[in-house]
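The numbering of the sequence shown is the working numbering, which starts it at 22 and goes up by one. Every residue, glycine too, gets a C-beta built ideally from N, C-alpha and C. Beneath this line is the structure, given in structure tokens, with notes to follow.
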Amino acid sequence: MFERLADTGHTSFLEFRLGYASSVIVFFCNTYYIMVLAWAFYYLIKSFTAVLPWSTCTNYWNTDNCIETFRHDACTTAPTP
22 MFERLADTGH TSFLEFRLGY ASSVIVFFCN TYYIMVLAWA FYYLIKSFTA
72 VLPWSTCTNY WNTDNCIETF RHDACTTAPT P
């Protein structure tokens, strides 16, 4: 009288591969998102230092064309009137 409408538990090969592929894609998207958050957290922590690491030209990653737009000693060595 009643037909069984439930899933028999057998999935097709395509459905299995789609589920597997979506899991892999989610893994890589989450890994990328975690790396972006890690960089943001790194720069947040570094922004609490007295001299920002990326504000000077004395770092190993700077090129010969690096220009310091703000000198920290200019604010402290100005003569008082």
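Inter-residue spacing [alpha-carbon to alpha-carbon] between SER33 and ILE55 = 33 Å
For ASP85 and VAL45, the rounded distance between their alpha carbons | 43 Å
With DSSP run on the structure shown, which of helix, strand or coil describes SER33?
-> coil
Return the CA-CA distance between PHE69 and TRP82, expressed in angstroms with no decimal places.
-> 21 Å
Using DSSP with H/G/I as helix, E/B as strand and the rest coil, what is VAL72?
-> coil
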